[in-house]
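>
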Amino acid sequence: MKEGLVIDREAQMIGVYLFENKKVYRGIPRKKVLKKTKIYAGDYVSGTVVDDKTFAIEDVKERKNFLVRPPVANVDKVIVVMAIKMPEFDNFLLDNLLVVYEHFDTDPVVVFNKIDLLDETEVKELEKWSQIYSQAGYRVIKVSAVKNEGIQQLTDYLEGSIAVLAGPSGVGKSSILSRLVGVQLETREVSEKTERGRHTTTGVRLFPFGENSFIGDTPGFSSVDALYFVDKKDVRLYFREFLRYNCKFPDCTHTREPDCQVREAVRKGEVSCERYRNYLKIIKEDLSLLPENCQ
Ligand code: GDP
Ligand code: ZN
73 MKEGLVIDRE AQMIGVYLFE NKKVYRGIPR KKVLKKTKIY AGDYVSGTVV DDKTFAIEDV
133 KERKNFLVRP PVANVDKVIV VMAIKMPEFD NFLLDNLLVV YEHFDTDPVV VFNKIDLLDE
193 TEVKELEKWS QIYSQAGYRV IKVSAVKNEG IQQLTDYLEG SIAVLAGPSG VGKSSILSRL
253 VGVQLETREV SEKTERGRHT TTGVRLFPFG ENSFIGDTPG FSSVDALYFV DKKDVRLYFR
313 EFLRYNCKFP DCTHTREPDC QVREAVRKGE VSCERYRNYL KIIKEDLSLL PENCQ
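The sequence shown begins at 73 in the numbering used here and counts up one residue at a time.
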């Protein structure tokens, strides 16, 4: 049995990337697999090579997670792209996205793109936000897709993983995708046209790049209200830095409970006021709960 990854799923077409030789085959589900649940991009499969174009899928591995938009299984990392300007940074949007992607059991990485546009004051702002998100426990990568800066760092960080891009429109997601995937993207698009004629692709495709890394060609959420996916009482679980603290009550909502260690950490400046404020906003709590040092 050989191991592969479904990188293309559209109607009856299943593209399987074989790890052994990095070639893409047309996947044909065998009987046992046919009866099972659907196959998605991101599914790890095993099976046998039938000929130089065809791979018989005999088993689909259990999924570690499944993203709904785009529909991709086994997503390791979500690249949440933001800019300081063009478009202006929106930390409330970022925190909503982080909550949702934590909820889907992915590891979000925060990418600040368009750093080439920033003047001195804006660079300071970038540094401030980078520090806030690093302190919260996120990997922060500063990028300029236009100048090809930070792209290698991002490539290294994504090595061996399945990733998708998310973030507001105009922030540079497709520019980053082209940088990551480079020439392979164009090659793929060309062969796509000749192979499929005028049929337009609606499904998600994962592009192989770097060392066994894969990235989705369809972006994830550009904006989202975290409560659409997450119960209000669970939001506290998706602010990573809160998990470092042991409050008196294990189900502490970090709002009005006595001996709340998270609130204590906000007072001491260990947890940022900005993050805590957005936590309160997401769970629709009263902002007068903000400790004095955050007012
Ligand atoms: P998307 O909507 O998130 O996919 O954003 P695009 O990749 O389409 O980029 C939107 C616009 O921003 C385009 O005009 C890009 O040329 C521009 N852009 C993308 N990345 C950068 C960058 O790093 N620096 C600058 N100055 N412009 C960029
Ligand atoms: Zn608490």
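Note that beta-carbon positions come from the ideal geometry of N, C-alpha and C, so glycine has one too.
1) Does the Cβ of Val117 lie closer than 7 Å to at least one heavy atom of ligand 1?
2) Near Val253, which residues of its chain fall below 6 Å by C-beta distance, leaving aside the five closest residues on each side in sequence?
3) Over what stretch of residues does the alpha helix (DSSP H) that includes Thr227 continue unbroken?
4) In the DSSP assignment, the alpha helix (DSSP H) including Leu198 goes from what residue to what residue?
5) Looking at the unbroken alpha helix (DSSP H) that takes in Ala217, where does it start and where does it end?
6) For Glu329, verify whether its CB is less than 7 Å away from any heavy atom of ligand 2.
7) Can you determine whether any heavy atom of ligand 1 sits closer than 7 Å to the C-beta of Ala238, and answer yes or no?
8) To which residues does DSSP link Arg81 through a beta bridge?
9) Measuring from the CB of His175, is there a heavy atom of ligand 2 at a distance below 7 Å?
10) Which of helix, strand or coil does DSSP assign to Thr259?
11) Under 8 Å Cβ to Cβ from Arg98, same chain only, skipping five residues before and after it: list those, please.
12) Short of 6 Å in beta carbon distance, which residues of its chain neighbour Gly269, apart from the five on each side in sequence? Order them along the chain.
13) Count the other C-beta atoms from every protein chain shown that fall within 10 angstroms of the C-beta of Phe396, then say buried if there are 16 or more, exposed otherwise.
14) Hey, out of Gln224, Glu75 and Glu82, whose CA is closest to Gly275's CA?
15) In angstroms with no decimal places, state the Cα-to-Cα distance between Thr290 and Glu364.
16) Given 8 Å as the limit, is there contact between the region 167–185 and the region 297–312, that is, 3 or more CB pairs closer than that?
17) Within 7 Å: the Cβ of Cys366 and any heavy atom of ligand 2?
18) Taking 7 Å as the line, does the beta carbon of Asp191 fall inside it for any heavy atom of ligand 1?
19) For Asn350, which residues in the same chain have their Cβ closer than 6 Å to its Cβ, ignoring the five residues on either side in sequence?
20) Just the C-alpha distance for Ile234 and Phe286, rounded to the nearest angstrom, thanks.
21) Does the Cβ of Gly209 lie closer than 7 Å to at least one heavy atom of ligand 1?
22) Compare the C-alpha of Val147 against each of Ser118, Met154, Asp123 and Ala113 and name the closest.
23) Run through the region 88–165 for me and flag every whole beta strand (DSSP E) of 3 or more residues, listed as ranges in chain order.
24) Between the Cα of Leu90 and those of Tyr116, Leu106, Lys104 and Lys110, spot the shortest distance and give me the residue it belongs to.
25) Buried or exposed: Met73, going by 16 or more other Cβ atoms within 10 Å of its Cβ?
26) Is Lys186 a contact residue of ligand 1, with contact defined as CB to any heavy atom under 7 Å?
27) Put Leu362 into one of helix, strand or coil per three-state DSSP.
The answer reads as follows:
1) Checking every heavy atom of ligand 1 against the Cβ of Val117, none is found closer than 7 Å.
2) Exclusion of the five residues before and after Val253 leaves Phe279 and Phe281 as the residues of its chain whose Cβ lies within less than 6 Å of its Cβ.
3) Where Thr227 is concerned, the enclosing alpha helix (DSSP H) stretches over Ile223 to Leu230.
4) Unbroken alpha helix (DSSP H) run through Leu198: Glu192 to Ala208.
5) Judged by DSSP secondary structure, Ala217 falls outside any alpha helix (DSSP H); it is assigned neither H nor E.
6) Yes, the beta carbon of Glu329 sits closer than 7 Å to at least one heavy atom of ligand 2.
7) Distance from the C-beta of Ala238 to the nearest heavy atom of ligand 1 is not below 7 Å.
8) In DSSP, Arg81 forms a bridge with Ile86.
9) Between ligand 2 and His175, a heavy atom-to-CB distance of less than 7 Å is absent.
10) Any reading at Thr259 is ruled out, since the residue's pLDDT is 45, under 50, leaving its predicted position unreliable.
11) The residues are Met85, Ile86, Gly87, Val88, Lys125, Thr126 and Phe127.
12) In this prediction, Gly269 has a pLDDT of 40, which is less than 50 and means its spatial position is unreliable; what the coordinates show is noted afterwards. Only residues of its own chain outside the window of five on either side were considered, and among them none has a CB closer than 6 Å to the CB of Gly269.
13) Past the edges of the chain, shown from 73 to 367, lies residue 396, and the structure says nothing about it.
14) The residue with the shortest Cα to Cα distance from Gly275 is Glu82.
15) Each residue's alpha carbon lies about 43 Å from the other.
16) With the cut-off at 8 Å, the region 167–185 and the region 297–312 touch.
17) Not so, every heavy atom of ligand 2 lies at least 7 Å from the Cβ.
18) Every heavy atom of ligand 1 is 7 Å or more from the Cβ of Asp191, so no.
19) Hits under 6 Å: Phe164 and Asp167.
20) Distance from the CA atom of Ile234 to the CA atom of Phe286, rounded to whole angstroms, is 5 Å.
21) No - ligand 1 has no heavy atom lying nearer than 7 Å to the Cβ of Gly209.
22) It is Ala113 whose Cα lies nearest to the Cα of Val147.
23) Those beta strand (DSSP E) runs which fall completely within the region 88–165 and span 3+ residues are 96–101, 116–123, 126–132 and 149–155.
24) Comparing Cα positions, the closest option is Tyr116.
25) Under this definition Met73 is an exposed residue.
26) Checking every heavy atom of ligand 1 against the Cβ of Lys186, one is found closer than 7 Å.
27) In this structure, DSSP gives Leu362 a state outside helix and strand, which the three-state scheme calls coil.
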